[in-house]
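Working notes, structure below.
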């Protein structure tokens, strides 16, 4: 599934999703010494950013699916969609909008 980043107006309403995702990252991945406030919306999550790895990515997928009631398929879990909190929020919001209620 391809997704697009939402418009600026939509993004302003997504701050709650971003904050929730930051909390999920810190709690689910047991990032000691880090708080949700220390993660920027556009900070890189992997490599030179927070330094997450593939095991962290799997744990994050499970945590996001559980928290938001969405299914993240292999096609959704791309390097680009997991680049930052901003891109994760866009993915989660798109999946929530497209999932049947």
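Residue numbers (our numbering): 4 to 104.
Each residue gets a CB set at the ideal place from its N, CA and C atoms; glycine is no exception.
Every value quoted in this text rests on a predicted model; they were computed, and no experiment measured them.
With residue 92 as the anchor, note down where its alpha helix (DSSP H) starts and where it stops. 88-101
Would you report the Cα separation of residue 32 and residue 99, rounded to the nearest angstrom? 23 Å
Does the beta-carbon of residue 69 have 16 or more other beta-carbons within 10 angstroms, so that it is buried, or is it exposed? exposed
What are the complete alpha helix (DSSP H) segments, minimum 4 residues, inside the region 9-66? 11-16 and 18-31
Does the distance from the CB of residue 95 to the CB of residue 45 come in under 9 Å? no
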